[in-house]
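Asker:
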Amino acid sequence: MPKNSKVVKRELDDEVIESVKDLLSNEDSSDDAFKKSELMVDDQEEKDVDVEEGSDVEDERPAWNSKLQYILAQVGFSVGLGNVWRFPYLCQKNGGGAYLVPYLILLLIIGIPLFFLELAVGQRIRRGSIGVWNYISPKLGGIGFASCVVCFFVALYYNVIIGWSLFYFSQSFQHPLPWDQCPLVKNASHTFVEPECEKSSATTYYWYREALNISSSLSESGGLNWKMTICLLAAWVMVCLAMIKGIQSSGKIMYFSSLFPYVVLLCFLIRGLLLNGSVDGIRHMFTPKLEIMLEPKVWREAATQVFFALGLGFGGVIAFSSYNKRDNNCHFDAVLVSFINFFTSVLATLVVFAVLGFKANIINEKCVIQNSEKILKLLKMGNLSQDMIPHHINFSSITAEDYNLVYDIIQKVKEEEFDSLGLKSCQIEDELNKAVQGTGLAFIAFTEAMTHFPASPFWSVMFFLMLVNLGLGSMFGTIEGIITPIVDTFKVRKEILTVICCLVAFFIGLIFVQRSGNYFVTMFDDYSATLPLLIVVILENIAVIRIYGIDKFMEDLKDMLGFSPSQYYYYMWKYVSPFVLLCLLVASIVQMGLSPPGYNAWIEDKAIEEFHSYPTWGMIVCISLMVLAILPVPIVFMVRRCNLIDDSSGSLASVSYKRGRIIKEPVNLEGDNTSLIHGKSPSEVPSPNFGKNIYRKQTGSPTLDTAPNGRYGIGYLMADMPDMPESDL
Numbered sequence: 009m010p011k012n013s014k015v016v017k018r019e020l021d022d023e024v025i026e027s028v029k030d031l032l033s034n035e036d037s038s039d040d041a042f043k044k045s046e047l048m049v050d051d052q053e054e055k056d057v058d059v060e061e062g063s064d065v066e067d068e069r070p071a072w073n074s075k076l077q078y079i080l081a082q083v084g085f086s087v088g089l090g091n092v093w094r095f096p097y098l099c100q101k102n103g104g105g106a107y108l109v110p111y112l113i114l115l116l117i118i119g120i121p122l123f124f125l126e127l128a129v130g131q132r133i134r135r136g137s138i139g140v141w142n143y144i145s146p147k148l149g150g151i152g153f154a155s156c157v158v159c160f161f162v163a164l165y166y167n168v169i170i171g172w173s174l175f176y177f178s179q180s181f182q183h184p185l186p187w188d189q190c191p192l193v194k195n196a197s198h199t200f201v202e203p204e205c206e207k208s209s210a211t212t213y214y215w216y217r218e219a220l221n222i223s224s225s226l227s228e229s230g231g232l233n234w235k236m237t238i239c240l241l242a243a244w245v246m247v248c249l250a251m252i253k254g255i256q257s258s259g260k261i262m263y264f265s266s267l268f269p270y271v272v273l274l275c276f277l278i279r280g281l282l283l284n285g286s287v288d289g290i291r292h293m294f295t296p297k298l299e300i301m302l303e304p305k306v307w308r309e310a311a312t313q314v315f316f317a318l319g320l321g322f323g324g325v326i327a328f329s330s331y332n333k334r335d336n337n338c339h340f341d342a343v344l345v346s347f348i349n350f351f352t353s354v355l356a357t358l359v360v361f362a363v364l365g366f367k368a369n370i371i372n373e374k375c376v377i378q379n380s381e382k383i384l385k386l387l388k389m390g391n392l393s394q395d396m397i398p399h400h401i402n403f404s405s406i407t408a409e410d411y412n413l414v415y416d417i418i419q420k421v422k423e424e425e426f427d428s429l430g431l432k433s434c435q436i437e438d439e440l441n442k443a444v445q446g447t448g449l450a451f452i453a454f455t456e457a458m459t460h461f462p463a464s465p466f467w468s469v470m471f472f473l474m475l476v477n478l479g480l481g482s483m484f485g486t487i488e489g490i491i492t493p494i495v496d497t498f499k500v501r502k503e504i505l506t507v508i509c510c511l512v513a514f515f516i517g518l519i520f521v522q523r524s525g526n527y528f529v530t531m532f533d534d535y536s537a538t539l540p541l542l543i544v545v546i547l548e549n550i551a552v553i554r555i556y557g558i559d560k561f562m563e564d565l566k567d568m569l570g571f572s573p574s575q576y577y578y579y580m581w582k583y584v585s586p587f588v589l590l591c592l593l594v595a596s597i598v599q600m601g602l603s604p605p606g607y608n609a610w611i612e613d614k615a616i617e618e619f620h621s622y623p624t625w626g627m628i629v630c631i632s633l634m635v636l637a638i639l640p641v642p643i644v645f646m647v648r649r650c651n652l653i654d655d656s657s658g659s660l661a662s663v664s665y666k667r668g669r670i671i672k673e674p675v676n677l678e679g680d681n682t683s684l685i686h687g688k689s690p691s692e693v694p695s696p697n698f699g700k701n702i703y704r705k706q707t708g709s710p711t712l713d714t715a716p717n718g719r720y721g722i723g724y725l726m727a728d729m730p731d732m733p734e735s736d737l
């Protein structure tokens, strides 16, 4: 009997070993996690499911090649065209150097804290914007969809601006530059200067007529501008090729697209400081006007600039950080990127006003010469007496200071007749006070200044290549804010989705390369992003701080960073930032209500811009843009609230080992006890409930039973034989 017992036991052991081998051999070869401390049941969620801190399991999510590549990606996304043509304008308009004070204060109050918040949730949950907010609360999953819609709207017109820059870049390889002089028109009898150009300027004429060939109103489409259509296609091809492999392709391009603008800005700064009048521009820029700083409008515009400069709410910040390791110091990243963005804005402001100071000096010299000739004519005609002119004044080589002295004397002596003389005051400050922003700064004012540079084609090539790179860096983050959430949520191939997204965006973007396209760019810029993004970021703050819990979130950050974040962030997130954001939202709505909705149309006959109100259909488009952008939030909330979608199919699950058992453990991602940081050891995890989803390999069976999710070899319980001791396994 003992002998037979040993034989039976040996046969039984062999059978058990075979069962184990069969089970493991039929497990998916790609699922290396099977032999580790945790397995992933749902094949769709396999690549992204979170693992324990101590686990050796590595998911298959792409990762940055280096920390530098990641920082450059975040810098490239946050530092965009607004740093070059929006910040200098706001600084000039709102008190010069004094504007930096409210900007820095608001950067510390809402900028860095909210940027840190987006980096943290993206890095820990490792999803795009849709997955992140659905993880925290499925009812708020619409926040991610709203971010995607806003990103798409912004990408539509932002790439058009890159197309404009590509056009000017392509036209810069000639000397003289094509916008250097007004074109001449010939007819049968004589040659004359183009009237539209003569009434404005060479650069203004080239922008509106040669580049855009703009129509006189929004309703007058005028057909496609083929030159800009080709440039738009080229811009989308560049974006598509850079993004088709995700961060593996775009990450390498970041080394050039993010660093090259700094090289150009430094070159322009050095060159600008050597130009006559540059110091006047910089002095004007940083002369503080403290009385303006107290106006509420200044703080509203500073808060808006901080908000958009860092790319909050777009989803690009979350998407980029989701490819980080979980123990990355995202607090350091938030502070570093925020201040790099700020100092880039200051550097760009120095460059812009050094060049504009040079331009103002040239215009002022022309003004002095023209008005000096008028004074000489008035002296010859006897309208002015030679006695009122100081003896040291030489009109053949008169300086700006001498002219202003003569101007003041004539104004005092001929007080009643002065207006009829037609003399102008030639002050550099008057020229510098002409606030210019956006396309007017880049394609008109700055372009005009560069025509006076020695080797102007070289500087023009550098400038517009810099604009292209600044635009592409922001576009990469914007497209990533669309692609990553959709790939994470719907498990589509990134390459196919990227190509489809770029194709659809190009064809929709054709409305921006009509002759009236510039007016549509203005419409989308004013209405498609501002209010929706403010609402999105407010909801993000509420989701993390109120629904998830500020105390739990702070504990998560401690586990992730290895140290406790400052309590400063606790109070900013809980009290200050939501209050400031709400105030900014109300102020933006009030400002939008007080400002008549419209656009500046170029009138060809007068060669000036005139304000036009939007037609009825234009107002409908404006309202539709805002509604469509925020509509996903209430839709997803109601769908989840009314249980119109079964959540069970999308639930995550994990599998853990326990002395020969493979046990399926449902992981509740929606409950109140959900933690972004699972800091518990496996022994601390509550014991799973054994349910019906436990399957057994039948002895001698040629086929495998399947779990409900269709995966083979997962969800089996091998120790289900009552007569077999657990130790024998």
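Each residue of the sequence shown is one higher than the one before, starting from 9 at the first, in the numbering used here. Beta carbons: idealized from backbone N, C-alpha and C, even for Gly.
Within the same chain, show all residues whose beta-carbon is closer than 6 Å to that of T352, passing over the 5 residues directly before and after it, in chain order.
Answerer: Numbered from its first residue, the sequence shown carries residue 352 at position 344. For T352, where only same-chain residues beyond five positions count, the Cβ hits under 6 Å are V87 and N91.
Asker: Between which two residues does the beta strand (DSSP E) holding F520 run?
Answerer: Residue numbering aside, residue 520 sits at position 512 when the sequence shown is read from its first letter. Premise fails: F520 is in no beta strand (DSSP E) and is neither H nor E.
Asker: Determine the direct distance from the alpha carbon of T237 to that of C190, and round the result to whole angstroms.
Answerer: The residue given as residue 190 occupies position 182 in the sequence shown. The residue given as residue 237 occupies position 229 in the sequence shown. Their Cα atoms are separated by approximately 25 Å.
Asker: Looking at the secondary structure, which residues open and close the alpha helix (DSSP H) in which E548 lies?
Answerer: One-based indexing of the sequence shown puts residue 548 at position 540. That run of the alpha helix (DSSP H) goes T538 to I550.
Asker: With a threshold of 8 Å on Cβ separation, who are the neighbours of C159 within its own chain once the five nearest residues in sequence on each side are excluded?
Answerer: For the purposes of this step, residue 159 is taken as the residue at position 151 of the sequence shown. Hits under 8 Å: F322, G323, G324, T486, I487, G489 and I490.
Asker: Ordered along the chain, which non-local residues of its own chain (more than five positions away) have a Cβ less than 7 Å from that of I8?
Answerer: With the chain running from 9 to 737 in the structure shown, residue 8 is simply not present.
Asker: How big is the Cα-Cα spacing for G254 and V247?
Answerer: Locating residue 254 in the sequence shown gives position 246, counting from the first residue. Locating residue 247 in the sequence shown gives position 239, counting from the first residue. Taking the straight line joining both Cα atoms gives about 11 Å.
Asker: Below 6 Å CB to CB, which residues in the same chain sit around S659 once its five sequence neighbours on both sides are set aside?
Answerer: To locate residue 659, count along the sequence shown from 1; it is residue 651. Because the pLDDT of S659 is 38, which lies under 50, any placement of that residue in the model is unreliable, and the number read from its coordinates should be weighed accordingly. If we look at S659 and ignore the five residues flanking it on each side, it has no Cβ neighbours.
Asker: Identify whether Y622 lies in helix, strand or coil by the three-state DSSP scheme.
Answerer: Looking up residue 622 in the sequence shown gives position 614. Coil.
Asker: Counting C-beta neighbours from all protein chains within 10 Å, is the total for S585 16 or more, i.e. buried, or is it exposed?
Answerer: Taking the first residue of the sequence shown as 1, we reach residue 585 at position 577. With 16 or more Cβ atoms within 10 Å of its Cβ, S585 is classed as buried.
Asker: Where are the alpha helix (DSSP H) runs, 4 residues long or more, that stay fully inside the region 236-310, in chain order?
Answerer: Runs found: 255-265, 268-281, 286-294 and 298-301.
Asker: Just to confirm before moving on: does the CB-CB distance between P540 and A154 stay below 8 Å?
Answerer: Residue numbering aside, residue 540 sits at position 532 when the sequence shown is read from its first letter. Residue numbering aside, residue 154 sits at position 146 when the sequence shown is read from its first letter. Contact flag set, yes.
Asker: For F582, collect the residues of the same chain with a Cβ closer than 8 Å to its Cβ; drop the 5 residues on either side in sequence, then sort them by chain order.
Answerer: For this step, residue 582 is matched to residue 574 along the sequence shown. Before going further, note that residue 582 is Lys rather than Phe in the sequence given. If we look at K582 and ignore the five residues flanking it on each side, its Cβ neighbours are I553 and I558.
Asker: According to DSSP, is P710 helix, strand or coil?
Answerer: Numbered from 1 along the sequence shown, position 702 holds the residue referred to as residue 710. At P710, the pLDDT of 39 sits below 50, so the modelled position is not reliable and the matter cannot be decided from this model.
Asker: Distance, Cα to Cα, L302 vs M470?
Answerer: The residue given as residue 302 occupies position 294 in the sequence shown. The residue given as residue 470 occupies position 462 in the sequence shown. For L302 and M470, the distance between alpha carbons rounds to 39 Å.
Asker: Measure how close the beta-carbons of N477 and G259 come, nearest whole angstrom, since I'm counting them as under 8 Å.
Answerer: Along the sequence shown, one-based indexing puts residue 477 at 469. Along the sequence shown, one-based indexing puts residue 259 at 251. Distance from N477 to G259 at the Cβ level is roughly 15 Å; contact not present, criterion being Cβ atoms closer than 8 Å.
Asker: Can you tell me the Cα-Cα spacing of I261 and R135, whole angstroms?
Answerer: Position 253 of the sequence shown holds residue 261. Position 127 of the sequence shown holds residue 135. When rounded, the distance between both Cα atoms is 23 Å.
Asker: Around the Cβ of K672, are there at least 16 other Cβ atoms within 10 angstroms (buried) or fewer (exposed)?
Answerer: In the sequence shown, residue 672 corresponds to position 664, counting from 1. Bear in mind that a pLDDT of 38 at K672, under 50, signals an unreliable position, so the model cannot answer this.
Asker: Under the assumption that R334 contacts Q131 (Cβ atoms under 8 Å), give the Cβ distance between them as a whole number of angstroms.
Answerer: Residue 334 sits at position 326 when you count from the first residue of the sequence shown. Residue 131 sits at position 123 when you count from the first residue of the sequence shown. So it is a contact: roughly 7 Å between Cβ atoms.
Asker: Taking 8 Å as the threshold (C-beta atoms), are M580 and P186 in contact?
Answerer: Here the question's residue 186 lines up with position 178 in the sequence shown. Here the question's residue 580 lines up with position 572 in the sequence shown. No, they are not a contact pair.
Asker: Can you look up K194 in the DSSP assignment and give me helix, strand or coil?
Answerer: What you label residue 194 is simply residue 186 of the sequence shown in a count that begins at 1. Residue state, collapsed to three classes: strand.
Asker: Given the structure, does D188 come close to the ligand ADP, in the sense that its CB is under 7 Å from one of the ligand's heavy atoms?
Answerer: Among the components modelled here there is no ligand, and therefore nothing to report on the ligand ADP.
Asker: Pairs of beta-carbons, one from the region 143-152 and one from the region 627-645, closer than 8 Å: are there three or more?
Answerer: yes
Asker: In three-state terms, what does DSSP make of V469?
Answerer: The residue you call residue 469 lines up with position 461 of the sequence shown. V469 falls in the helix class under three-state DSSP.
Asker: Please list the terminal residues of the continuous beta strand (DSSP E) segment that includes I201.
Answerer: Along the sequence shown, read from residue 1 onward, the residue named residue 201 stands at position 193. The question names Ile, but residue 201 in the sequence shown is Val. Counting along the chain, the beta strand (DSSP E) containing V201 begins and ends at T199 to V201.
Asker: In whole angstroms, what is the alpha-carbon distance linking D427 and N379?
Answerer: Counting from one through the sequence shown, the residue named residue 427 turns up at place 419. Counting from one through the sequence shown, the residue named residue 379 turns up at place 371. About 14 Å.
Asker: What separation, rounded to the nearest whole angstrom, lies between the Cα atoms of F347 and D341?
Answerer: Reading the sequence shown from its first residue, position 339 is the one you call residue 347. Reading the sequence shown from its first residue, position 333 is the one you call residue 341. Spanning the two alpha carbons is a distance of roughly 10 Å.
Asker: Just the Cα atoms here: how many angstroms apart are G448 and W93?
Answerer: As a position in the sequence shown, residue 448 is number 440, starting the count at 1. As a position in the sequence shown, residue 93 is number 85, starting the count at 1. Each residue's Cα considered, the two are about 9 Å apart.
Asker: So is Q575 buried or exposed if we call it buried at 16+ other beta carbons inside 10 Å?
Answerer: The count along the sequence shown starts at 1 and reaches residue 575 at position 567. Exposed, since its Cβ has fewer than 16 Cβ neighbours within 10 Å.
Asker: Touching or not, the region 618-635 and the region 517-536, by the rule of three or more beta carbon pairs under 8 Å?
Answerer: Touching, yes.
Asker: Note down, in chain order, each residue of its chain lying with its Cβ closer than 7 Å to the Cβ of A210, except the 5 sequence neighbours on either side.
Answerer: Working through the sequence shown from its first residue, we reach residue 210 at position 202. Excluding positions up to five away in sequence, the list reads W187, D188, Q189 and C190.
Asker: By the 10 Å Cβ neighbour count, where 16 or more other Cβ atoms means buried, how is L431 classified, buried or exposed?
Answerer: By one-based count along the sequence shown, residue 431 stands at place 423. Flag for L431 reads buried.
Asker: Taking Q100 and M293 to be in contact with their CB atoms under 8 Å, please state how far apart those CB atoms are, rounded to whole angstroms.
Answerer: Here residue 100 refers to the residue found at position 92 of the sequence shown. Here residue 293 refers to the residue found at position 285 of the sequence shown. Contact holds; Cβ gap of about 6 Å.
Asker: Between V201, I631 and L89, which has its C-alpha nearest A356's C-alpha?
Answerer: Along the sequence shown, read from residue 1 onward, the residue named residue 356 stands at position 348. Checked all of V201, I631 and L89; the closest Cα to A356 is L89.
Asker: Mapping DSSP to helix, strand and coil, what is G319?
Answerer: Taking the first residue of the sequence shown as 1, we reach residue 319 at position 311. Reduced to three states, the DSSP call for G319 is coil.
Asker: Between the C-alpha atoms of L226 and C239, what's the straight-line distance to the nearest angstrom?
Answerer: Stepping through the sequence shown from its first residue, residue 226 is reached at position 218. Stepping through the sequence shown from its first residue, residue 239 is reached at position 231. Straight-line measurement puts the Cα of C239 at about 22 Å from the Cα of L226.
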